[in-house]
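Numbering (my numbering), first residue to last: 3 to 741. Glycine residues also receive a C-beta, built at the ideal position from the N, C-alpha and C atoms. Below you'll find the structure, written out as structure tokens, and then a few comments.
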Amino acid sequence: MMWSSARCARRPVPSVLGLVFALNVLAIGSAYAQSAQGIPAELIRYADMILVNGQVVTVDSDEPQKMTVAEAVAVREGKILKIGTTAAIRLFTGPNTKVVDLKGRSLLPAAVYSDADNAVPGGDVAKEAQWRGWVRTDMRRLLRAEGKLRGATVAMILDKVRRIVLQAYPGETVYVFAQKLGLPGMFKLTKKDLDKLAPNQPLGLWLGSSHGIVNSKLLKIAFDKGLPRSHLHVIKDENGEPTGQLGQQAIGFIGYHLRPWPTKKWHDTVAIPEAQIMMLQYARAGVATATGHMSGLTTTILNRLHHRGEMAIRVYPAHDFIRQNIHADQYLRRIGNLVDFALVDKTRGPMVKIIATAVGPHSGAPNTALSLLTIEPKIKLIEGLGESRHGYDKWSAQIWTGKATKDLTKEELKDTDYYTILLARQHGWNLSGIHNMGSAAIRLAMNAIEEAEAQKGKYVTERFKPSGLDHNIDWLPELLPQAKRLSSYLGFSIATRNVFKQRGFRARGLKNVLSLQYGEKRVAGMAPIKTLIEAGIKINIEGSKPDFKRAPIRWPMWYVEKAVTQVDIRGRVLDPNERIDRKTALTLITRWSARYIGEEKSIGSIAPGMYADMVVMNGNFLKQPANELAQLRPLLTLVGGVPSYVDPNFATETGLSSPFKKPRIPAEKVETALLKVMRRAIVFTGADGAEVTARLSSKRTKVRIAGKKVARRLLKAGMNCSIEYTPGKRNEASSVDCK
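Written out as structure tokens, the structure reads:
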């Protein structure tokens, strides 16, 4: 190549040989552009799907004003290939590419729900009753089904437990769960009370996941199997004799170490189909990933579903193998660090991934007997919802020991999950899914995690993922500096649902118990989203199981609307100063929820290389009136580019369908006599000999007497009937044929 002058030195002159080469390349390219027949099919990689003519809100930035809004997206092999204009994305169309015309609708990242402990049956197994090898509903639901929840007494509960014991197999351990009844006197029960109900049968009565009472038979089994009599959580009377009252780690030993595995029949007929249904419900709401603390029982169910190809959404457990575990150090040594171990679909990517471990809670809830754990006191005590104005510390079993965690000696502290947090961090485990309600609870949890991080002698110094705390309501200004200091490795999910739709206390007919306990003004400031964001604290909006009976409550757009408007379900404006814009609200339940579990590089936004977890809405997200955002509904939910939910009308419009179908929980038919008939339920003996309470639906239950269709009010106790019902926690009779 020759240079003719200084001016020409800035512009090279191509040689004749170069021109010939360039022309040949253009000719070859033109030939291939005209026909791809000469290219092996393995080298042609068009997009699998393109979505065009829409409003793609990518959430590709933490700053709303910098967020990309595009027209179209190309998806290939489960990931986002390209975003851009419709014209640019159409270039990725091949002969087998599925083209979806959005027709101006919004395409958003699918939500990530961070409090989905019950995404799969057994997710919170410590809260499940069990007898005759079957995981069953709790006492509160049983009483409600029988119309006895209002006005329930301790004597009534004990009589119900007695009847349950009579149904159990001889020698079988019976687990009864009775949280949220709020009955004064429940925490005063001892083994002597349960011995009267089951003198020869091991029996445990759970008053929550962290407190329980066992009879003498079960207590002896626990001691024989290795529960130390000297353990802090083995409560003793003034003579040093165990009372049968067991705190967190001691009741955890019973609930996890001694609890028998549910029967294969329960796994096959209840757990698997209910898990499939729940995942489909999440997808219906626009959720692609569910995370939270989950048990070993859950991971077994998820493993089966994955290998059967039936995972409609991603489920990322915080495995609670060391939760309430007196042998936590041994388990950590035996298991090692499993963070990021995953079950991977070849197209959609990880469908089950262990993202953390979890420990037991240290605080209660507004509608339980232990209440929030707070720095500032309640303004009113409600009978049955805690006698302490500051709540009770579960880590120390304060309601029985009279001590908070801060009051324990170093040796006593080793018997708590506070110490387990230190052990977990030694082995490189982060923590997530930890129930954390109340200002004192937030402070206590931060202290534990900060001490764990600062300790010397860690075997694994690096952090694979951040730690995260669930719920986090009742913030005070004094907590912000520490939360900011820990923000590089600790996130907070904010349970806004607890202030926008407060919990009630059904056993006493009360609503909005937070406001009754703490006052409207204080409740309005319990979830200060904007304040926390501006303070530089890592937060996300916490999603839990969607409410399909009262949709759209607890659907992603419901959370977004509430954060934008600050209007609760009673129509009250909580705190107008905490309003945020809709893009930020969307970020908090997608991108920042993914960041909460350390997955922000793979899910939670729409960008090249991210998994194609996206939702097509039935309207325009950016133009929808703020107070009507919850009315937006998903038409299509993609998980790794595969439809997990398709609205029927949208399916007709686009030709899309989902490979995941709603299973039918196998019905069970029995010939038996009716034990009891109530207004909306019947009680009878099931095929396995257990007492069954099945609901009667005016629309779905067929009732016949002597072959003739009749009203359900004509059913009487003592009638011999053929009953077909769906087994599980929410039994419903599909047909009742009586003679």
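- Taken in chain order, the complete alpha helix (DSSP H) segments of 4 or more residues contained in the region 531-562 are 531-536.
- One thing to note: Gly-362 has its Cβ within 8 Å of the Cβ of Ser-212.
- Taking a C-beta distance under 8 Å as the contact criterion, Asn-202 and Lys-227 do not qualify as a contact pair.
- For the pair Gly-125 and Ala-320, the Cα-to-Cα distance works out to about 10 Å.
- Judged by DSSP secondary structure, Ile-475 falls outside any beta strand (DSSP E); it is assigned neither H nor E.
- Spanning the alpha carbons of Thr-674 and Glu-693 requires a straight line of approximately 11 Å.
- For Ala-683, the number of other beta carbons within 10 angstroms of its own is at least 16, and it is reported as buried.
- Between Gly-184 and Leu-518, the C-beta gap is not smaller than 8 Å, which leaves the two residues out of contact.
- Taking the Cα positions, Ala-399 is about 37 Å away from Ile-279.
- Between Asp-419 and the set Gly-404, Ile-256, Ile-451, the nearest pair of CA atoms involves Ile-451.
- Annotation for Ser-218: no beta strand (DSSP E) segment contains it, though the alpha helix (DSSP H) segment containing it runs 218-226.
- In the same chain as Leu-717, and ignoring 5 residues on each side of it, the C-beta atoms closer than 6 Å to its own belong to Val-679, in chain order.
- Using a Cβ distance threshold of 8 Å, Ala-292 and Phe-662 do not count as a contacting pair.
- When DSSP assignments are scanned along the region 311-344, the uninterrupted stretches of alpha helix (DSSP H) that are 4 or more residues long and fall wholly within it turn out to be 330-337.
- With three or more CB-CB distances shorter than 8 Å, the region 423-431 counts as touching the region 461-476.
- Counting only runs of 4+ residues, the alpha helix (DSSP H) found wholly inside the region 216-281 occupies 218-226, 250-254, in chain order.
- For a cut-off of 8 Å, the C-beta gap from Ala-285 to Leu-374 is around 33 Å, too long to register as a contact.
- Fewer than three Cβ pairs drawn from the region 649-659 and the region 143-163 lie within less than 8 Å of each other, which leaves the two stretches out of contact.
- Comparing C-alpha distances from Arg-593 to each of Tyr-48, Asp-62, Gln-57 shows the shortest one belongs to Asp-62.
- The three-state secondary structure of Ala-399, taken from DSSP, is coil.
- Between Asp-615 and the set Gly-80, Gln-67, Tyr-48, Thr-70, the nearest pair of CA atoms involves Gly-80.
- For Gln-67, the closest alpha carbon among the candidates Arg-584, Gly-642, Gly-643 is that of Arg-584.
- Pro-230 and Phe-502 have their alpha carbons spaced roughly 44 Å apart.
- Taking one beta carbon from each stretch, the region 326-337 and the region 157-169 have fewer than 3 pairs nearer than 8 Å; the two do not touch.
- Counting the other Cβ atoms within 10 Å of the Cβ of Phe-507 gives 16 or more, which makes it buried.
- If you draw a 10 Å sphere on the C-beta of Gly-257, you find 16 or more other C-beta atoms in it, and that means buried.
- DSSP places Gln-67 in the helix class (H, G or I) of the three-state scheme.
- Within the region 448-533, the runs of alpha helix (DSSP H) that reach at least 4 residues and sit entirely inside it are, in chain order, 482-487, 499-502, 515-520, 522-526.
- DSSP lists Ser-108 as the beta-bridge partner residues of Gln-57.
- For Ala-131 and Val-705, the gap between their C-alpha atoms comes out near 30 Å.
- The beta-carbon distance between Ser-434 and Ile-543, rounded to whole angstroms, is 16 Å. This is too long to meet the 8 Å contact definition.
- Comparing alpha carbon positions, the residue from Phe-94, Val-71, Ala-72, Val-58 closest to Ile-46 is Phe-94.
- According to the DSSP assignment, Ala-596 belongs to the alpha helix (DSSP H) that extends over 593-598.
- Assignment of Phe-662 by DSSP, reduced to helix, strand and coil, places it in the coil class.
- Gly-440 and Thr-192 have their C-alpha atoms some 29 Å from each other.
- Non-local beta-carbon contacts of Met-51 in its own chain, meaning distances under 7 Å to residues more than five positions away in sequence, involve Val-77, Thr-99, Lys-100, Val-102, Gly-643 in chain order.
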